[in-house]
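Keeping their order, the protein sequence lines are chains A and B. Counting in our numbering, the first sequence tops out at residue 346, every number present. Counting in our numbering, the second sequence tops out at residue 346, every number present. For each residue, glycine too, the CB sits at the ideal point set by N, CA and C. Before any comments, here is the structure.
There are 2 protein chains.
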Amino acid sequence: MRTMTGPAASRRVIGIDLGGTKLAAGVVSGDLVVHHRAHRFSRGADQNEILDRLVEVVDELKLQNDGEAPIEAVGMGIPCLLDYANGRAVNTVNLPIKDLPIRDIMNERLGLPVAIDNDGNVAALAEQRFGAARGKRDVLLLTLGTGVGGGIVLDGRIFRGSTGSGAELGHMTTLADGPPCQGNCPNRGCLETLISGTAMAREAKAIAERDADSAFARELAEGRDITGATVTELAADGDLDARAVLEQVGRYLGAGLVSLTNIFNPEAIVIGGGAAAAGDLLLATAREHLDEHGLTPNKDLVELRPAHFGAEAGMVGAAALAFTECLGEPLEER
Amino acid sequence: MRTMTGPAASRRVIGIDLGGTKLAAGVVSGDLVVHHRAHRFSRGADQNEILDRLVEVVDELKLQNDGEAPIEAVGMGIPCLLDYANGRAVNTVNLPIKDLPIRDIMNERLGLPVAIDNDGNVAALAEQRFGAARGKRDVLLLTLGTGVGGGIVLDGRIFRGSTGSGAELGHMTTLADGPPCQGNCPNRGCLETLISGTAMAREAKAIAERDADSAFARELAEGRDITGATVTELAADGDLDARAVLEQVGRYLGAGLVSLTNIFNPEAIVIGGGAAAAGDLLLATAREHLDEHGLTPNKDLVELRPAHFGAEAGMVGAAALAFTECLGEPLEER
Numbered sequence: 013m014r015t016m017t018g019p020a021a022s023r024r025v026i027g028i029d030l031g032g033t034k035l036a037a038g039v040v041s042g043d044l045v046v047h048h049r050a051h052r053f054s055r056g057a058d059q060n061e062i063l064d065r066l067v068e069v070v071d072e073l074k075l076q077n078d079g080e081a082p083i084e085a086v087g088m089g090i091p092c093l094l095d096y097a098n099g100r101a102v103n104t105v106n107l108p109i110k111d112l113p114i115r116d117i118m119n120e121r122l123g124l125p126v127a128i129d130n131d132g133n134v135a136a137l138a139e140q141r142f143g144a145a146r147g148k149r150d151v152l153l154l155t156l157g158t159g160v161g162g163g164i165v166l167d168g169r170i171f172r173g174s175t176g177s178g179a180e181l182g183h184m185t186t187l188a189d190g191p192p193c194q195g196n197c198p199n200r201g202c203l204e205t206l207i208s209g210t211a212m213a214r215e216a217k218a219i220a221e222r223d224a225d226s227a228f229a230r231e232l233a234e235g236r237d238i239t240g241a242t243v244t245e246l247a248a249d250g251d252l253d254a255r256a257v258l259e260q261v262g263r264y265l266g267a268g269l270v271s272l273t274n275i276f277n278p279e280a281i282v283i284g285g286g287a288a289a290a291g292d293l294l295l296a297t298a299r300e301h302l303d304e305h306g307l308t309p310n311k312d313l314v315e316l317r318p319a320h321f322g323a324e325a326g327m328v329g330a331a332a333l334a335f336t337e338c339l340g341e342p343l344e345e346r
Numbered sequence: 013m014r015t016m017t018g019p020a021a022s023r024r025v026i027g028i029d030l031g032g033t034k035l036a037a038g039v040v041s042g043d044l045v046v047h048h049r050a051h052r053f054s055r056g057a058d059q060n061e062i063l064d065r066l067v068e069v070v071d072e073l074k075l076q077n078d079g080e081a082p083i084e085a086v087g088m089g090i091p092c093l094l095d096y097a098n099g100r101a102v103n104t105v106n107l108p109i110k111d112l113p114i115r116d117i118m119n120e121r122l123g124l125p126v127a128i129d130n131d132g133n134v135a136a137l138a139e140q141r142f143g144a145a146r147g148k149r150d151v152l153l154l155t156l157g158t159g160v161g162g163g164i165v166l167d168g169r170i171f172r173g174s175t176g177s178g179a180e181l182g183h184m185t186t187l188a189d190g191p192p193c194q195g196n197c198p199n200r201g202c203l204e205t206l207i208s209g210t211a212m213a214r215e216a217k218a219i220a221e222r223d224a225d226s227a228f229a230r231e232l233a234e235g236r237d238i239t240g241a242t243v244t245e246l247a248a249d250g251d252l253d254a255r256a257v258l259e260q261v262g263r264y265l266g267a268g269l270v271s272l273t274n275i276f277n278p279e280a281i282v283i284g285g286g287a288a289a290a291g292d293l294l295l296a297t298a299r300e301h302l303d304e305h306g307l308t309p310n311k312d313l314v315e316l317r318p319a320h321f322g323a324e325a326g327m328v329g330a331a332a333l334a335f336t337e338c339l340g341e342p343l344e345e346r
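Set out below in structure tokens:
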């Protein structure tokens, strides 16, 4: 029996999604509607600057929200391996954060209750409770951004591992002896280094270098940087090089989905993050690979879906976390 | 608060571990002592022959057990993707079993209550409750045999996935575009195809073919087959080729442990199965790889241990399952 209630639509919190490149924050009400938004870059900032920018966006959002229902708490999704019980960011692959008691620091600087969790976990929570995997109990999520985030919901609850630093689905060894992984990860051939936006950009730049007539080379010649978004945009315009990059990424994503499907026998896997904007170009290739290489019956039982909350799944999930952890509001399916 | 009680030592069940090569069965009492044993080969048998051999070993054990406490139930660990609720073996990689309502069939043929589960799951249960990972709540197990079995215990309970066909840890894509996997698995570069006993034998045979002076070539010349056991025995005798095979397998095992440690943030990973007889030759290499390539803090928090029940973990776990599922005896840590 699932109740049809959730946090009151009249209550408001701030949800923050701290990514390896960008920081997205929003004022979110109990019905998970986003009322105000604020953004910053996170790339290039050191640990103290990141903390400052987190405080800045909260101040900016409070100002935007002035005169409306008050902000009662802040939830943050951060791309870190966490000591969950102590609200501590132990280690992170794509940001310069290490051994930081971030929950207590933010709590003190903001004067508000603060809840933190891994960014993939909160995005998975949002999608399982209110998004693309609503009604399913065993759900995984991959977010393709600067890195590859992972979230695991088992029997309706976030799975964090024994201390809170699990669900690093981007760091499965997928191509042993492959290229070194990104950032602070000491592994080779991680899924992240094969399918993240960073990986897409790396492949695109390699093409630009090989072929001066390619659309990627033209982008660089015209002074634009190449990112994962460049690849998905050019692919949508029909550029064959960009499509080839997405197809390769789709196959590696498929190889990762085979692992996850064989391990977890999940009901659904949700694909989110900026790079997932490639949509069918990416997901259709990945699905085909999974159908061909996954074990029966798992591959037939799993649904593959794009994130309902798109690039805002992390932000909405962080808000949902704040409602549950700080305000004690139940987060039931509605 | 954990109780100190368990199934009564006076009650007896039969535990059966059905592997890809061998079938091992034993009469087990509530204190998990094995009183009688029976073995058969499973390799080469078709589905009906396997069922016949399962019935045979139970009859043989009943005879051995005659005059002692009666056999009350049978537990079976089978290397299958299961429909757990219906006791159905849906698919298997290393045996010719498909879509078989094996629990009901065995129940009818044996006239005893029967419980079935994946062989890796029951082995993990035995090790977590009574063996190498006693006292830990989040435990994984890999068994290196004909294939590579996997078992997952989360917060003290077996994790089976949404329908019972999860925990196929041997079928993570570890070397994308690598060699085709074994048996019925349609994937390439699965962990299983890199570290199973079958994989060890394959490598050893390749060496025998390249080098007629190798110890492996001598084994073949003298009419002996090469198996995973050949490799571990020759390595223990100091043969450099055999040690090289184990080192490569150890590195790939390490690559798999990196994935599992990053995903699950477990307290312990237990290594069992025949090939694990290689002991430190294998585990030390794998541990080194994990230390070098795993994410902090997960790699530092996980303990790597050989199976306490050794090659009998599956049998003892199957018996433990029968006590819980068929007799309603609690299986608490003791």
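Below 7 Å on C-beta distance, what does A/A188 contact in chain B? T186, L187, Y264, A267
State yes or no: is the beta carbon of A/R317 nearer than 8 Å to at least one beta carbon in chain B? no
How about B/N106 and B/G159: are their beta carbons less than 8 Å apart? yes
So what's B/L187 in DSSP terms, helix, strand or just coil? strand
7 Å CB neighbourhood of B/A330 in its chain, flanking five on each side removed: G27, I28, D29, G87, M88, G89, V134
For B/M88, list the residues DSSP reports as bridge partners. B/I28, B/I128
Can you tell me whether B/V25 is buried or exposed, with buried defined as 16 or more other CB within 10 angstroms of its CB? buried
Proximity of B/I5 and B/G99 at Cβ, strictly below 8 Å: Absent from the structure is residue 5 of chain B, since the part of chain B shown begins at 13 and ends at 346.
Counting pairs of beta carbons, one from the region 266-282 of chain B and one from the region 175-191 of chain A, are three or more of them closer than 8 Å? yes
Against chain A, which members of the region 301-315 of chain B pass a CB distance test of less than 8 Å? E304, H305, G306, L307, T308, P309, N310, L313
Is there a Cβ of chain A sitting closer than 8 Å to that of B/V160, yes or no? no
Should the region 219-227 of chain B be regarded as contacting the region 218-229 of chain A, the criterion being three or more beta carbon pairs within less than 8 Å? no
Based on the DSSP secondary-structure assignment, which residues constitute the bridge partners of A/G161? A/T155
Since B/A280 sits in a beta bridge, which residues does DSSP pair it with? B/V151, B/E315
Who are the neighbours of A/R149 on chain B, taking C-beta pairs under 9 Å? S174
Thinking B/A289 and B/E139 are a contact (beta carbons under 8 Å), I'd like their distance in whole angstroms, please. About 16 Å separates the two Cβ atoms, so there is no contact after all.
Beta-carbon gap between A/V270 and B/N199 smaller than 8 Å: yes
So for B/D58, helix, strand or coil by DSSP? coil
Segments assigned alpha helix (DSSP H), at least 4 residues, entirely inside the region 241-289 of chain B: 252-276
Check whether the Cβ atoms of B/L294 and B/L265 sit closer than 8 Å, and answer yes or no. yes
Name the two residues that bound the continuous alpha helix (DSSP H) containing B/A296. 292-305
Candidates B/V282, B/G268, B/A211, B/A334: closest to B/A254 by CA position: B/A211
Let's test the definition: count the other Cβ atoms within 10 Å of the Cβ of B/G340 and tell me whether it reaches 16, buried, or not, exposed. exposed
Delimiting residues of the beta strand (DSSP E) encompassing B/N103: 100-104
Closest to A/A332 by CA distance: which of A/D129, A/Q76, A/G176 is it? A/D129
I want to verify the contact list: residues of chain A whose CB lies under 7 Å from the CB of B/F276, in sequence order. G173, G178
Does the separation of the CB atoms of A/I170 and A/L152 fall below 8 Å? no
Enumerate in chain order the residues of its own chain whose CB-to-CB distance from B/G38 is below 6 Å, with the five nearest sequence positions on each side excluded. G27, V46, R49, M327
Check whether chain B comes within 8 Å of A/S208, counting only Cβ atoms and requiring the distance to be less than that. no
Does the beta-carbon distance from B/I281 to B/L246 come in below 8 Å? no
Taking C-beta pairs closer than 7 Å, name the residues in chain A that B/E279 reaches, listed in chain order. S174
What is the DSSP secondary structure of B/D64, counted as helix, strand or coil? helix
Is the beta carbon of B/C193 sitting closer than 8 Å to the one on B/T205? yes
Are the C-beta of A/N199 and some C-beta of chain B separated by less than 8 Å? yes
Tell me which residue opens and which closes the alpha helix (DSSP H) that A/F228 is part of. 227-233
Rounded to a whole number of angstroms, what is the C-alpha to C-alpha distance between B/A334 and A/N60? 56 Å
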